[in-house]
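See structure below.
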Amino acid sequence: MSNAGKRYVQVGLGGRHSMFRNAIFNDYREQAELVALCDHNPGRVAHAQKQTEDDFQCRLPGYDAADFDRMIAEVKPDCVIVTTMDSTHHQYLCRAMELGCDTITEKPMTTDEDKCRQILETQARTGRKCTVTFNYRYAPPRTQIKDLLMSGVIGNVLSVDFHWMLNLHHGADYFRRWHRNKRNSGGLMVHKATHHFDLVNWWLGTVPERVYASGHRRFYTPQTAERYGLTSRAERCYQCPEAGGCRFHLDLAAAESMRHLYLECEKHDGYFRDRCVFSKDIDIEDSMNVVVDYRGGAKLTYSLNAFCAWEGYIVTFNGTAGRLEHKCQESVYINADGSVPGMLNKEGTWTRVFPNWRPAYEVELWTGSGGHGGADPVMLDYIFAPERQSADPYLRAADQRAGAWSILTGIAANHAMRRRQPVVIDELLPGVEPPDYPAMPVASQPLTMPPA
Ligand SMILES: NC(=O)c1ccc[n+]([C@@H]2O[C@H](COP(=O)([O-])OP(=O)(O)OC[C@H]3O[C@@H](n4cnc5c(N)ncnc54)[C@H](O)[C@@H]3O)[C@@H](O)[C@H]2O)c1
């Protein structure tokens with residue numbers, strides 16, 4: 370049993386639940402206590418209760434989502450951890466803050482500008498904390514990029530090219546699950562790119578102003594399935610006649626974690642986690658291109674493709690004193706299949722600096738271990754044991770302001786794709802306060818030029 374640290378409850382007991390639960394029971398017993406579990410699927414409540422009992426000999430009370438207020442009244446948590454489907458985060462964040470609790474939410478903070486406004490207004494009115502878990506900032510090679518940019522090694526960044534590749538394994542998974550519909554996830558522009566746009570905001574220490582976007586879905590379509598000869602496919606993988614010949618087939622019954630979490634819980638809410646990736650009911654893009662103008666003048670060119678041959682990204686920064694290139698290749702995984710997500714492939718990951726008029730060099734990479742390239746353990750330490758940490762020079766802990774700015778680019782991109790016009794963020798949601806960022810190299814500093 371945990372001792373009496375800060376009291377937490379968690380709402381949303383799917384794939385992302387166990388990272389928080391295991392951290393509290395294994396590593397933060399002195400600082401934190403998990404006191405209740407909540408979900409709208411009674412099967413997943415029972416499963417999480419059983420796991421907690423088996424693994425940690427602790428029987429936690431379980432609550433249906435409809436009894437959220439009663440849970441708060443009965444177990445009196447200090448903080449609510451929200452790991453539900455993206456479009457529902459705001460309900461629990463706002464209600465928890467109204468009831469006097471601090472909150473921690475998984476990214477994306479929410480999926481559209483109205484829900485975002487609701488969260489910002491509730492936080493301002495109640496004064497409660499709203500922490501957004503941007504684990505990507507904490508991955509050692511990505512923190513290192515921040516360190517290099519802060520050091521001024523390439524001067525002031527004027528433009529960024531950022532290209533993110535989801536491979537056929539991980540990328541396809543978004544087209545099977547609830548993420549496949551914009552009403553649930555905001556599409557990959559919000560659900561996935563919130564990580565990437567947050568990184569750019571934080572790396573540059575600024576916020577976006579105007580967004581141009583274009584996107585389409587041309588790979589995860591019935592036409593592609595036909596081209597592969599998958600003509601007798603079912604609406605889901607389970608018992609699909611094409612199972613034997615389809616590289617996208619997901620066998621929910623085969624992986625124990627997925628069987629318990631999803632297959633055995635379908636009877637309660639009718640949610641299928643293995644819907645056909647080529648279904649006509651999908652309404653998110655699989656290929657997106659975005660240009661962003663930032664406050665202060667920097668520009669970003671960004672792309673996200675969900676059907677690539679390898680997983681990872683390439684980001685390059687062009688500055689007044691040089692260029693920085695970073696490539697990161699990640700391991701393959703499927704959410705909640707028991708593997709560690711987003712591990713770096715070290716051979717495929719490097720950072721190079723090209724100073725103006727001087728030889729280029731490769732920097733020795735900062736590394737770590739654990740989920741999302743070593744990011745998850747560092748982030749959990751900042752969340753659950755901040756007193757153990759020295760002051761963070763990179764200001765990685767993110768609140769609702771960073772949560773909002775990270776999704777506003779994607780939300781604006783969704784509008785821009787629909788309207789076929791650029792979208793000004795201040796017109797979408799006026800007056801959002803910028804986050805606190807560390808000081809960056811000053812733009813008015815004199816530049817040096819070696820003799821010709
Ligand atoms: N930071 C990361 O790298 C990362 C990785 C994976 C997931 N996530 C985020 O974590 C969250 C959960 O994702 P997941 O992969 O665990 O999804 P999941 O589908 O496995 O689990 C979602 C859970 O929320 C529950 N739920 C859905 N709607 C609800 C509602 N209205 N009320 C109560 N419960 C509800 C479902 O029953 C399910 O148990 C999402 O916001 C996702 O974006 C973040």
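Heads up, the sequence shown is in our numbering, so the first residue is 370 and it goes up one at a time. For each residue, glycine too, the CB sits at the ideal point set by N, CA and C. Here the structure is a predicted model, which means the values were calculated and not measured.
Burial state of residue i, where buried means 16 or more other Cβ atoms lie within 10 Å
i    : result
K476 : buried
N395 : exposed
T778 : buried
M818 : exposed
G772 : buried
D567 : buried
G555 : buried
Y461 : buried
V451 : buried
V559 : buried
K551 : buried
Y730 : exposed
First through last residue of the beta strand (DSSP E) which encompasses residue i
i    : result
S672 : K668 to C677
L535 : V526 to N536
G431 : G431 to D433
Candidates the options, of which the one nearest residue i by Cα
i    : options                   : result
P807 : R596, T421, H784 and L573 : L573
A401 : P791, D750, D795 and A766 : D750
G688 : I488, H532 and P810       : P810
G639 : V378, K715 and N410       : N410
K445 : Y377, G584, R787 and E595 : Y377
R545 : A812, E399, V659 and Y631 : Y631
V569 : C499, F617, T457 and R506 : R506
R770 : R398, A594, F503 and I393 : F503
A782 : G739, T685, L557 and V576 : L557
N391 : T421, K375 and G381       : T421
T563 : P815, R398, G383 and T480 : T480
S813 : T685, A754, A623 and V526 : V526
S520 : G691, E490, V659 and R596 : G691
C375 : G381, Q790 and E399       : Residue identity differs from the one stated: residue 375 is Lys in this sequence, not Cys. It is E399.
D652 : H459, N553 and N725       : N553
R579 : D662, T590 and D516       : D662
Alpha-carbon spacing of residue i relative to residue j, whole angstroms
i    : j    : result
G598 : F588 : 14 angstroms
C645 : E756 : 46 angstroms
L764 : D471 : 20 angstroms
M370 : E654 : Note on M370: pLDDT 41, under 50, position unreliable in the model; the coordinate value appears next. About 45 angstroms.
K696 : C448 : 37 angstroms
N372 : T453 : For N372, the predicted model reports a pLDDT of 46, less than 50, meaning its position is unreliable and no value from the coordinates is stated.
L407 : F641 : Looking at the sequence shown, residue 407 is not Leu but Cys. Each residue's alpha carbon lies about 20 angstroms from the other.
S700 : F617 : 17 angstroms
A754 : H386 : 19 angstroms
L713 : H741 : 8 angstroms
H585 : M657 : 7 angstroms
F425 : D483 : 40 angstroms
G344 : G800 : Missing from the structure shown is residue 344; the chain here goes from 370 to 821 and no further.
H565 : C606 : 30 angstroms
Q608 : L535 : 27 angstroms
M440 : D650 : 36 angstroms
C463 : T491 : 6 angstroms
R727 : A766 : 35 angstroms
M627 : L621 : 6 angstroms
A603 : S759 : 54 angstroms
Simplified DSSP state of residue i, which is helix, strand or coil
i    : result
K515 : helix
E475 : strand
T600 : coil
C609 : coil
P820 : coil
K561 : coil
S775 : helix
P510 : helix
T685 : strand
V793 : strand
I450 : strand
M370 : Caution is warranted here: a pLDDT of 41 is assigned to M370, below 50, making its placement in the model unreliable, and no coordinate value can be reported.
W735 : coil
N783 : helix
N714 : strand
N550 : coil
Y589 : coil
Residue-level contact to chain B via CB, residue i, 8 angstroms cutoff
i    : result
F676 : Judged by its chain identifiers, the structure shown contains no chain B, having just a single protein chain.
Bounding residues of the alpha helix (DSSP H) (the contiguous stretch that carries residue i)
i    : result
A442 : F437 to V444
K498 : From DSSP, K498 is part of no alpha helix (DSSP H); its letter is neither H nor E.
P810 : Looking at the DSSP string, P810 is not in any alpha helix (DSSP H), and its letter there is neither H nor E.
F389 : H386 to N395
S626 : E625 to L630
Q418 : P411 to F425
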